[in-house]
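One structure below.
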């Protein structure tokens, strides 16, 4: 009996002494589908963030921006990296909190026409067709529409907007079927490479777009999130080098992690939703 009592006491002592392991912080990215693709892009970052923050990080795949909202609200994910247009909706639907902004250099919307075509100014687009890329995209749809609005052209009133994939839209532009195409700076570089015999002109550029942003679930562990934020502040260069191990993450090359970010910095994005006649209670195109 004494041996049994000692054994039970020892087992209880081990149970009490065993440390309680915190759940890993689950990290998702709204524009990457599938765990394999997410690991290819962010495995190096996951490792670096764990080492610097002291927190266990687990990559968590979401199938869409809507799935990211559901995962945040159901407590399935703690950290989500998303674009500025998506952030405006995610904030409204989840009250997620800002951790840090991920700067994308030369990230702005522009309106592109043919250099030798009839369109020379924004005003020449009145009554004509202007195409936009991926529906709801900050730099391919909302941003270009806002550029035209800033120059005085009302969406779906002064011109006819169409959502067409970028290469198809450029081919239509060359044929004269559409008057201009909305896109960002990186897209224009790709278009000029794809159509080397054609000259394009930017007739309007917008201001730099708000940055991509990492948010945390509203009720996520505050100390863990603070450790993650400190990692970006104190070791941003190391984390950026890890991010840039991913091929699709080259859009962040030359950028910085910005900690002094406020929700109000994304009001310009909210104005884009108003420009196209929708609100931020749901994602455009859903």
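Numbering (this note's numbering), first residue to last: 539 to 824. Each residue gets a CB set at the ideal place from its N, CA and C atoms; glycine is no exception.
Simplified DSSP state of residue 785, which is helix, strand or coil
Helix.
For residue 700, which residues does DSSP report across the bridge?
DSSP lists 669 as partners of residue 700.
What residue does the alpha helix (DSSP H) around residue 585 start on, and which one ends it?
Residues 573-591.
Beta strand (DSSP E) segment containing residue 596, residue limits:
Note, residue 596: beta strand (DSSP E), 595-597.
Could you give the first and the last residue of the continuous beta strand (DSSP E) run that contains residue 736?
Secondary structure note for residue 736: it is in no beta strand (DSSP E), with a DSSP letter that is neither H nor E.
State the DSSP-derived secondary structure class of residue 638, mapped to helix, strand or coil.
Secondary structure of residue 638 (DSSP, three-state): strand.
What three-state label does DSSP hand residue 800 in the structure shown?
Three-state DSSP puts residue 800 in coil, outside helix and strand.
Considering only C-alpha positions, which residue in the set 588, 603, 716 is nearest to residue 776?
It is 588 whose Cα lies nearest to the Cα of residue 776.
Measuring alpha carbon to alpha carbon, tell me which of 815, 819, 784 ends up nearest residue 576.
Minimum Cα distance to residue 576 is reached at 784.
Endpoints, beta strand (DSSP E) assigned at residue 720
Note, residue 720: beta strand (DSSP E), 718-722.
Does residue 570 come out as helix, strand or coil in the three-state DSSP assignment?
Reduced to three states, the DSSP call for residue 570 is coil.
Grab the span of the beta strand (DSSP E) containing residue 646 for me, first residue to last.
For residue 646, the enclosing beta strand (DSSP E) begins and ends at 646-652.
Proximity of residue 640 and residue 750 at Cβ, strictly below 7 angstroms
Residue 640 places its beta carbon less than 7 angstroms from that of residue 750.
Segment contact, 8 angstroms Cβ cut-off, at least three pairs: the region 756-769 with the region 618-627:
The region 756-769 makes no contact with the region 618-627: fewer than 3 CB pairs, one atom from each, lie closer than 8 angstroms.
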